[in-house]
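**Q**
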Amino acid sequence: MGSYWAYYELGWGGWWFWDPVENASFMPWLAGTALIHSLVVMEKRDALKVWTILLAILTFSLSLLGTFVVRSGVLTSVHSFASDPARGLFILLILVFFVGGSLALFAWRAPLLRQGGLFAPISRESALVVNNIFLATACATVFVGTLYPLALEMLTGDKISVGAPFFNATFVPVVVPLLLFLPIGQSLAWKRGDLLGAAQRNLAACGLAVLAALALIAFTRGGPVLAPLGVGLGLFLVLGAGFDLGERIVARASGWPAMLSRARGLPRSAWGTALAHAGIGLSIIGIAAAAWSSEAIAVLKPGERLTAGRYTVVLESVVPRTGPNFRAEVARFQLFAGDRELAPVEASKRVYTARSMPTTEAGIRTDWLSQAYVSLGEAQGDGLAVRLYDKPLILLIWIGALVMAIGGTLSLTDRRFRLAAPRRAAPLAAPQPAE
């Protein structure tokens, strides 16, 4: 939601910038995802208890850290909401109390936890452990890149900026192997699996993804090389999730009634898992397709036009507008796709009078999963600086996130969470001898 807000409100045309406040919300998401998968192993095999509790502590601690970063004013960001040292000190004390207290209790009580059940190195439990390692490593890279500049400035007074090149060079190489392994890991059996069999079950999904990537490379000759591979990876995740679910429904079922019966009998967690993994694939496709976006910038006067990719805008007029708490300069454009006239689009620059805060309202026209995006710059003489973007498949980024959320919510409605755990019966008292 914050990503879409920045995309729509700031007029910069991007959806993620590795901003420290963005990272502060991303870290607990990564740790929480590892926690969810670790909980599955603890439920199935009564194993990974220590690791699961530590992940729970770290996830909540990272959430508190995000609150401190956003509300204390230690960072300058379009996403930060305050600059109040007193409030920051209060949140820091809360952070020290809860994080320090929970870690102290963990160090005291964790050695008392008993080891759980065993599982083979090739099994779904092991795949979930590997998933945890990759997610924890990815979270650590974001943590270091976000807080290292603050620690360096505090210790030496030097100011440095850690931006997208660092995170792209450290985060992406950790996440890509995890995503490649994900469909295979979800196909492994519990306790003892068959790696070759799981790979064979995903062969069709992998083949279709590779064909799609090769087709994109052929039809987008001269474009970005990694983008088709990213689309292929996302498609592999979507197809892998669908084929795994389909196999569980179709296997050993004769006829449609039996398939429908098996589909109804599947636990909700199975449907939730498939949706969540497919949602990741949809977001990956949207991220990869961003490499094909086009951008154009020019100073326009009324009647002049600007073209980027498939879209052209003609500036019709610039008029002032007054809202309940802001003043705005609104530019009205006519949008064309080739020679086809689409619809009028409005973009504006606002100034909120109470705090003299300027913001940009982008003009967005959605065309199925793609968007034409218009944002305004500063006035240049008798003209106006205008940016036009053609963003193919951009909506898949947020649609994938929504599908992930639906999958997680569906998993939480599973039967094992809706029914109370059975209580153990009290031991029977020994019979008293007769007198």
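In this text, residue positions in the sequence shown follow our numbering: the first is 18, and each later residue adds one. Positions of the beta carbon are idealized from the N, C-alpha and C atoms, including for glycine. Because the structure is a prediction, the values reported are computed rather than measured.
Does the region 258-275 touch the region 402-421, meaning 3 or more C-beta pairs lie closer than 8 Å?
**A** They do not touch, by the three-pair rule.
**Q** Tell me where the alpha helix (DSSP H) around F236 begins and ends.
**A** Reading the sequence shown from its first residue, position 219 is the one you call residue 236. Note, F236: alpha helix (DSSP H), 220-236.
**Q** By the three-class DSSP mapping on this structure, what secondary structure does S271 have?
**A** To locate residue 271, count along the sequence shown from 1; it is residue 254. Note: S271 maps to coil in three-state DSSP.
**Q** Evaluate Q397 with the Cβ neighbour count: other Cβ atoms within 10 Å of its Cβ, from every protein chain shown; 16 or more gives buried, anything less gives exposed.
**A** The residue given as residue 397 occupies position 380 in the sequence shown. So Q397 counts as exposed.
**Q** From the DSSP secondary-structure annotation, give me the bridge partner or partners of M374.
**A** Counting from 1 along the sequence shown, the entry for residue 374 is found at position 357. Paired residue(s): Y369.
**Q** DSSP three-state call for E346: helix, strand or coil?
**A** For this step, residue 346 is matched to residue 329 along the sequence shown. Strand.
**Q** Have a look at A379, F160, A371, E346 and flag the residue whose alpha-carbon is nearest the alpha-carbon of V362.
**A** Looking up residue 362 in the sequence shown gives position 345. Comparing Cα positions, the closest option is A379.
**Q** In the structure shown, what three-state DSSP assignment does S392 receive?
**A** The residue given as residue 392 occupies position 375 in the sequence shown. Strand.
**Q** Does at least one heavy atom of the ligand MG sit under 8 Å from the Cβ of P194?
**A** The ligand MG is absent from the structure shown, which contains no ligands of any kind.
**Q** Quick one, are the C-beta atoms of I302 and V255 less than 9 Å apart?
**A** In the sequence shown, the residue the question calls residue 302 occupies position 285. In the sequence shown, the residue the question calls residue 255 occupies position 238. Taking 9 Å as the Cβ cut-off, I302 and V255 qualify as a contacting pair.
**Q** Where A121 and L169 are concerned, what is the direct C-alpha to C-alpha distance, given to the nearest angstrom?
**A** Numbered from its first residue, the sequence shown carries residue 121 at position 104. Numbered from its first residue, the sequence shown carries residue 169 at position 152. Straight-line Cα distance between these residues: approximately 27 Å.
**Q** Would you check if the region 339-346 and the region 419-430 touch, i.e. whether three or more CB-CB distances between them fall below 8 Å?
**A** The region 419-430 is not in contact with the region 339-346.
**Q** Near L47, what residues of its chain come up, given a Cβ to Cβ distance below 6 Å and the 5 sequence neighbours on each side ignored?
**A** As a first step, residue 47 must be located in the sequence shown, where it is residue number 30. Only L152, A155, C156 meet the Cβ criterion.
**Q** Taking a contact to mean a Cβ-Cβ separation below 9 Å, would you say P241 touches A308 in this structure?
**A** Residue numbering aside, residue 241 sits at position 224 when the sequence shown is read from its first letter. Residue numbering aside, residue 308 sits at position 291 when the sequence shown is read from its first letter. Cβ atoms of P241 and A308: closer than 9 Å.
**Q** Along the beta strand (DSSP E) that carries P142, what are the first and last residues, could you check?
**A** Taking the sequence shown and counting its residues from 1, one reaches residue 142 at position 125. The residue asked about is misnamed: residue 142 is Glu in this sequence, not Pro. That residue, E142, is in no beta strand (DSSP E); its alpha helix (DSSP H) goes 141-173.
**Q** Can you give me the C-alpha to C-alpha distance between L106 and V86, rounded to a whole angstrom?
**A** In the sequence shown, counting from the first residue as 1, residue 106 sits at position 89. In the sequence shown, counting from the first residue as 1, residue 86 sits at position 69. Rounded to the nearest angstrom, the two C-alpha atoms are 11 Å apart.
**Q** Spatial neighbours of L195 within its chain, please: CB distance less than 6 Å, with the 5 preceding and 5 following residues excluded, ordered by chain position.
**A** Taking the sequence shown and counting its residues from 1, the one referred to as residue 195 is at position 178. Excluding positions up to five away in sequence, the list reads F151.
**Q** Of the residues S178, L52, L135, I234, which one's Cα is nearest the Cα of I70?
**A** Locating residue 70 in the sequence shown gives position 53, counting from the first residue. The candidate whose alpha carbon is nearest that of I70 is L52.
**Q** In angstroms, rounded to a whole number, what distance separates the CA positions of R265 and P274?
**A** On the sequence shown, position 248 is the one that residue 265 refers to. On the sequence shown, position 257 is the one that residue 274 refers to. About 15 Å.
**Q** Roughly how many whole angstroms lie between the Cα atoms of M44 and L27?
**A** For the purposes of this step, residue 44 is taken as the residue at position 27 of the sequence shown. For the purposes of this step, residue 27 is taken as the residue at position 10 of the sequence shown. Roughly 23 Å between the two C-alpha positions.
**Q** Hey, quick one: how far does the alpha helix (DSSP H) through V420 stretch, first residue to last?
**A** Reading the sequence shown from its first residue, position 403 is the one you call residue 420. That run of the alpha helix (DSSP H) goes 413-429.
**Q** How would you write the range of the alpha helix (DSSP H) that S178 sits in, first residue to last?
**A** As a first step, residue 178 is located in the sequence shown; it is residue number 161 there, counting from the start. Unbroken run through S178: none, as it is neither H nor E.
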